[in-house]
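Chemist: One structure follows; several queries about it will come next.
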Amino acid sequence: MLHQLLSEFLGTALMVIFGVGVHCDVVLNDTKYQGSGHLFAITTWAFGITISLIIFGNVTLNPAMAFVQVLLGHMTWLQFFPTALVQILGGVIGSCIVYVMYADSFKSSYGHIDNVTIRNIFATSPAVRNLPRNFFVEFFATFIFLASILAISRVQTPGVVPIAVGLLVWAIGMGLGGPTGFAMNLARDMGPRIAHAILPIKDKAASDWQYGLIVPGVAPFAGAIGAALFAKFYLGM
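Under numbering that gives the first Met the number 0, the letters of the sequence shown match residues 0 to 236, in that order.
Pasting the structure below:
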(Lines of atoms letter the chains of each structure in order from A and count residues from 1; the text may use other names and numbers.)
(Lines give C-alpha, C1' and ligand atoms only; values in the text may rest on other atoms or scores of the structure.)
Protein backbone atom coordinates (compact mmCIF):
# COMPACT_ATOMS: atom_id res chain seq x y z
CA MET A 1 0.00 0.00 0.00
CA LEU A 2 2.83 2.40 0.84
CA HIS A 3 4.47 1.84 -2.54
CA GLN A 4 1.13 2.40 -4.28
CA LEU A 5 0.57 5.67 -2.40
CA LEU A 6 4.08 6.82 -3.29
CA SER A 7 3.39 6.02 -6.94
CA GLU A 8 0.13 8.01 -6.85
CA PHE A 9 1.92 10.94 -5.20
CA LEU A 10 4.86 10.98 -7.61
CA GLY A 11 2.73 10.30 -10.67
CA THR A 12 0.31 13.11 -9.89
CA ALA A 13 3.19 15.48 -9.09
CA LEU A 14 4.86 14.71 -12.43
CA MET A 15 1.58 15.14 -14.33
CA VAL A 16 1.07 18.54 -12.70
CA ILE A 17 4.69 19.56 -13.34
CA PHE A 18 4.10 19.04 -17.05
CA GLY A 19 0.68 20.74 -16.97
CA VAL A 20 1.34 23.76 -14.76
CA GLY A 21 4.75 24.06 -16.38
CA VAL A 22 3.31 24.40 -19.86
CA HIS A 23 0.86 27.04 -18.65
CA CYS A 24 3.82 29.00 -17.26
CA ASP A 25 5.53 28.65 -20.65
CA VAL A 26 2.50 29.92 -22.52
CA VAL A 27 1.44 32.74 -20.18
CA LEU A 28 4.44 34.26 -18.41
CA ASN A 29 6.93 36.83 -19.67
CA ASP A 30 10.51 35.80 -20.41
CA THR A 31 9.85 32.20 -21.37
CA LYS A 32 10.87 30.75 -24.71
CA TYR A 33 7.34 29.66 -25.58
CA GLN A 34 5.16 32.55 -24.42
CA GLY A 35 2.00 32.82 -26.50
CA SER A 36 2.24 29.32 -27.96
CA GLY A 37 -1.47 28.78 -27.38
CA HIS A 38 -3.89 26.14 -26.22
CA LEU A 39 -2.90 23.44 -28.71
CA PHE A 40 0.61 23.60 -27.27
CA ALA A 41 -0.76 23.41 -23.71
CA ILE A 42 -3.30 20.63 -24.31
CA THR A 43 -0.73 18.52 -26.14
CA THR A 44 1.70 18.84 -23.25
CA TRP A 45 -0.98 17.83 -20.72
CA ALA A 46 -1.80 14.77 -22.85
CA PHE A 47 1.82 13.69 -23.30
CA GLY A 48 2.57 14.39 -19.64
CA ILE A 49 -0.21 12.08 -18.50
CA THR A 50 1.04 9.37 -20.86
CA ILE A 51 4.57 9.64 -19.48
CA SER A 52 3.32 9.55 -15.88
CA LEU A 53 1.30 6.41 -16.59
CA ILE A 54 4.24 4.72 -18.33
CA ILE A 55 6.61 5.46 -15.44
CA PHE A 56 4.35 4.72 -12.49
CA GLY A 57 2.20 1.97 -13.95
CA ASN A 58 -1.04 0.95 -12.27
CA VAL A 59 -2.06 4.35 -10.88
CA THR A 60 -5.23 6.42 -11.13
CA LEU A 61 -3.70 9.94 -10.72
CA ASN A 62 -7.25 11.14 -10.10
CA PRO A 63 -9.57 10.85 -7.07
CA ALA A 64 -12.54 10.46 -9.43
CA MET A 65 -10.95 7.41 -11.07
CA ALA A 66 -10.11 6.03 -7.62
CA PHE A 67 -13.78 6.55 -6.72
CA VAL A 68 -14.79 4.51 -9.78
CA GLN A 69 -12.55 1.71 -8.54
CA VAL A 70 -14.37 1.82 -5.19
CA LEU A 71 -17.76 1.67 -6.92
CA LEU A 72 -16.63 -1.30 -9.03
CA GLY A 73 -15.26 -3.11 -5.98
CA HIS A 74 -11.58 -2.86 -6.96
CA MET A 75 -10.60 -0.52 -4.12
CA THR A 76 -11.81 -0.14 -0.53
CA TRP A 77 -12.80 3.12 1.14
CA LEU A 78 -9.79 2.72 3.44
CA GLN A 79 -7.60 2.76 0.32
CA PHE A 80 -9.53 5.55 -1.38
CA PHE A 81 -9.10 8.33 1.16
CA PRO A 82 -5.28 8.18 1.50
CA THR A 83 -5.03 7.76 -2.27
CA ALA A 84 -7.02 10.94 -2.90
CA LEU A 85 -5.03 12.78 -0.23
CA VAL A 86 -1.61 11.92 -1.65
CA GLN A 87 -2.82 12.82 -5.14
CA ILE A 88 -3.83 16.29 -3.92
CA LEU A 89 -0.50 16.63 -2.12
CA GLY A 90 1.25 15.60 -5.33
CA GLY A 91 -0.56 18.41 -7.10
CA VAL A 92 0.60 20.89 -4.45
CA ILE A 93 4.25 19.77 -4.54
CA GLY A 94 4.36 19.57 -8.33
CA SER A 95 3.04 23.12 -8.59
CA CYS A 96 5.56 24.40 -6.05
CA ILE A 97 8.39 22.82 -8.04
CA VAL A 98 7.16 24.57 -11.19
CA TYR A 99 7.00 27.90 -9.33
CA VAL A 100 10.65 27.56 -8.31
CA MET A 101 11.62 26.73 -11.88
CA TYR A 102 9.75 29.75 -13.29
CA ALA A 103 10.34 32.20 -10.42
CA ASP A 104 12.20 34.68 -12.63
CA SER A 105 9.40 34.62 -15.20
CA PHE A 106 6.82 35.21 -12.48
CA LYS A 107 8.79 38.24 -11.27
CA SER A 108 9.01 39.72 -14.75
CA SER A 109 5.26 39.20 -15.20
CA TYR A 110 4.07 41.05 -12.09
CA GLY A 111 2.28 44.23 -13.09
CA HIS A 112 2.24 43.19 -16.74
CA ILE A 113 0.01 40.11 -16.71
CA ASP A 114 -3.40 40.10 -15.04
CA ASN A 115 -3.40 38.45 -11.62
CA VAL A 116 -6.39 36.26 -12.51
CA THR A 117 -4.50 35.03 -15.55
CA ILE A 118 -1.58 34.14 -13.28
CA ARG A 119 -3.96 32.27 -10.94
CA ASN A 120 -5.32 30.37 -13.91
CA ILE A 121 -1.84 29.02 -14.60
CA PHE A 122 -2.53 26.84 -11.57
CA ALA A 123 -6.28 26.36 -11.36
CA THR A 124 -9.04 25.98 -13.92
CA SER A 125 -11.71 28.61 -14.45
CA PRO A 126 -14.71 28.93 -16.77
CA ALA A 127 -14.74 30.96 -19.96
CA VAL A 128 -18.28 32.03 -18.98
CA ARG A 129 -19.18 31.73 -15.31
CA ASN A 130 -22.45 29.83 -15.06
CA LEU A 131 -22.07 27.34 -12.24
CA PRO A 132 -24.87 24.91 -13.22
CA ARG A 133 -23.62 24.75 -16.81
CA ASN A 134 -19.98 24.66 -15.71
CA PHE A 135 -20.89 21.76 -13.40
CA PHE A 136 -22.56 19.90 -16.27
CA VAL A 137 -19.56 20.42 -18.55
CA GLU A 138 -17.16 18.98 -15.97
CA PHE A 139 -19.57 16.15 -15.14
CA PHE A 140 -19.98 15.15 -18.79
CA ALA A 141 -16.29 15.55 -19.71
CA THR A 142 -15.31 13.42 -16.70
CA PHE A 143 -17.91 10.80 -17.59
CA ILE A 144 -16.49 10.54 -21.13
CA PHE A 145 -12.93 10.53 -19.75
CA LEU A 146 -13.39 7.83 -17.12
CA ALA A 147 -15.75 5.62 -19.13
CA SER A 148 -13.30 5.71 -22.04
CA ILE A 149 -10.36 4.82 -19.80
CA LEU A 150 -12.29 1.84 -18.44
CA ALA A 151 -12.94 0.69 -22.00
CA ILE A 152 -9.33 1.30 -23.02
CA SER A 153 -8.08 -0.64 -19.99
CA ARG A 154 -9.45 -3.86 -21.49
CA VAL A 155 -6.80 -3.70 -24.23
CA GLN A 156 -4.10 -6.22 -23.35
CA THR A 157 -1.37 -5.05 -25.73
CA PRO A 158 1.55 -3.72 -23.63
CA GLY A 159 2.07 0.04 -23.83
CA VAL A 160 -1.21 0.80 -25.57
CA VAL A 161 -3.17 2.03 -22.56
CA PRO A 162 -0.93 5.00 -21.56
CA ILE A 163 -0.71 6.19 -25.16
CA ALA A 164 -4.46 5.80 -25.69
CA VAL A 165 -5.21 7.72 -22.48
CA GLY A 166 -2.96 10.53 -23.69
CA LEU A 167 -4.82 10.66 -26.99
CA LEU A 168 -8.10 10.67 -25.05
CA VAL A 169 -6.97 13.66 -22.97
CA TRP A 170 -5.90 15.43 -26.17
CA ALA A 171 -9.30 14.82 -27.80
CA ILE A 172 -11.30 15.89 -24.73
CA GLY A 173 -9.16 18.99 -24.32
CA MET A 174 -9.71 20.02 -27.93
CA GLY A 175 -13.39 19.07 -28.13
CA LEU A 176 -14.76 19.71 -24.64
CA GLY A 177 -12.17 21.83 -22.87
CA GLY A 178 -13.24 25.30 -23.97
CA PRO A 179 -15.99 26.04 -21.42
CA THR A 180 -14.14 25.10 -18.21
CA GLY A 181 -10.58 24.01 -19.00
CA PHE A 182 -11.41 20.29 -18.53
CA ALA A 183 -10.07 19.66 -15.01
CA MET A 184 -11.89 16.29 -14.62
CA ASN A 185 -9.73 15.72 -11.56
CA LEU A 186 -9.92 17.13 -8.02
CA ALA A 187 -6.16 16.65 -7.53
CA ARG A 188 -5.29 18.42 -10.79
CA ASP A 189 -7.27 21.51 -9.75
CA MET A 190 -7.22 21.52 -5.95
CA GLY A 191 -3.53 20.77 -5.54
CA PRO A 192 -2.36 23.63 -7.78
CA ARG A 193 -5.09 25.91 -6.37
CA ILE A 194 -3.75 25.30 -2.86
CA ALA A 195 -0.21 25.93 -4.12
CA HIS A 196 -1.31 29.26 -5.62
CA ALA A 197 -2.83 30.22 -2.27
CA ILE A 198 0.36 29.50 -0.29
CA LEU A 199 3.11 30.53 -2.72
CA PRO A 200 4.65 34.03 -2.43
CA ILE A 201 3.00 35.35 -5.59
CA LYS A 202 2.78 39.13 -5.62
CA ASP A 203 -0.72 40.72 -5.40
CA LYS A 204 -2.32 37.35 -6.10
CA ALA A 205 -5.95 37.08 -7.16
CA ALA A 206 -8.51 35.37 -4.91
CA SER A 207 -8.37 31.59 -5.12
CA ASP A 208 -12.09 31.31 -6.04
CA TRP A 209 -12.80 28.40 -3.72
CA GLN A 210 -16.51 28.51 -4.56
CA TYR A 211 -15.84 27.50 -8.13
CA GLY A 212 -12.99 25.18 -7.21
CA LEU A 213 -15.02 23.19 -4.70
CA ILE A 214 -18.26 23.00 -6.71
CA VAL A 215 -17.11 22.43 -10.28
CA PRO A 216 -13.71 20.67 -10.45
CA GLY A 217 -14.28 19.53 -6.86
CA VAL A 218 -17.65 17.76 -6.99
CA ALA A 219 -18.58 17.35 -10.66
CA PRO A 220 -15.85 14.77 -11.46
CA PHE A 221 -17.29 12.47 -8.78
CA ALA A 222 -20.73 12.75 -10.39
CA GLY A 223 -19.08 11.82 -13.68
CA ALA A 224 -17.41 8.90 -11.93
CA ILE A 225 -20.79 7.52 -10.89
CA GLY A 226 -21.95 7.66 -14.51
CA ALA A 227 -18.74 5.97 -15.68
CA ALA A 228 -19.13 3.18 -13.13
CA LEU A 229 -22.70 2.55 -14.26
CA PHE A 230 -21.57 2.49 -17.91
CA ALA A 231 -18.77 0.07 -17.06
CA LYS A 232 -21.07 -2.25 -15.13
CA PHE A 233 -24.11 -2.33 -17.37
CA TYR A 234 -22.59 -1.77 -20.83
CA LEU A 235 -19.00 -2.95 -20.63
CA GLY A 236 -19.90 -5.76 -18.24
CA MET A 237 -17.06 -4.93 -15.86
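Note that the Cβ used here is the ideal one computed from N, Cα and C, for glycine as well. Because the structure is a prediction, the values reported are computed rather than measured.
1) At the 8 angstroms Cβ level, is G18 part of the contact set with chain C, yes or no?
2) Please classify P157 as buried or exposed, where buried requires at least 16 other C-beta atoms within 10 Å of its C-beta.
3) Rounding to the nearest angstrom, what Cα-Cα distance links G34 and C95 in this structure?
4) Since I48 contacts V168 with CB under 8 angstroms, what's their CB separation in whole angstroms?
5) Any idea what DSSP makes of H22, helix, strand or coil?
6) In the DSSP assignment, find the alpha helix (DSSP H) that holds G216 and state where it starts and stops.
7) DSSP on H111, reduced to helix/strand/coil?
8) Whose C-beta lies closer than 7 angstroms to the C-beta of A218 among residues of the same chain, with five residues either side of it excluded?
9) Taking the alpha-carbon of K201 as reference, which of S107, V21 and V15 has the nearest alpha-carbon?
Modeler: Taking the structure as given:
1) Within the model displayed, chain C is absent; a lone protein chain is all it includes.
2) exposed
3) 22 angstroms
4) 5 angstroms
5) helix
6) W208 to F232
7) Here H111 carries a coil assignment [DSSP, helix/strand/coil].
8) F134, E137, F138 and T141
9) S107
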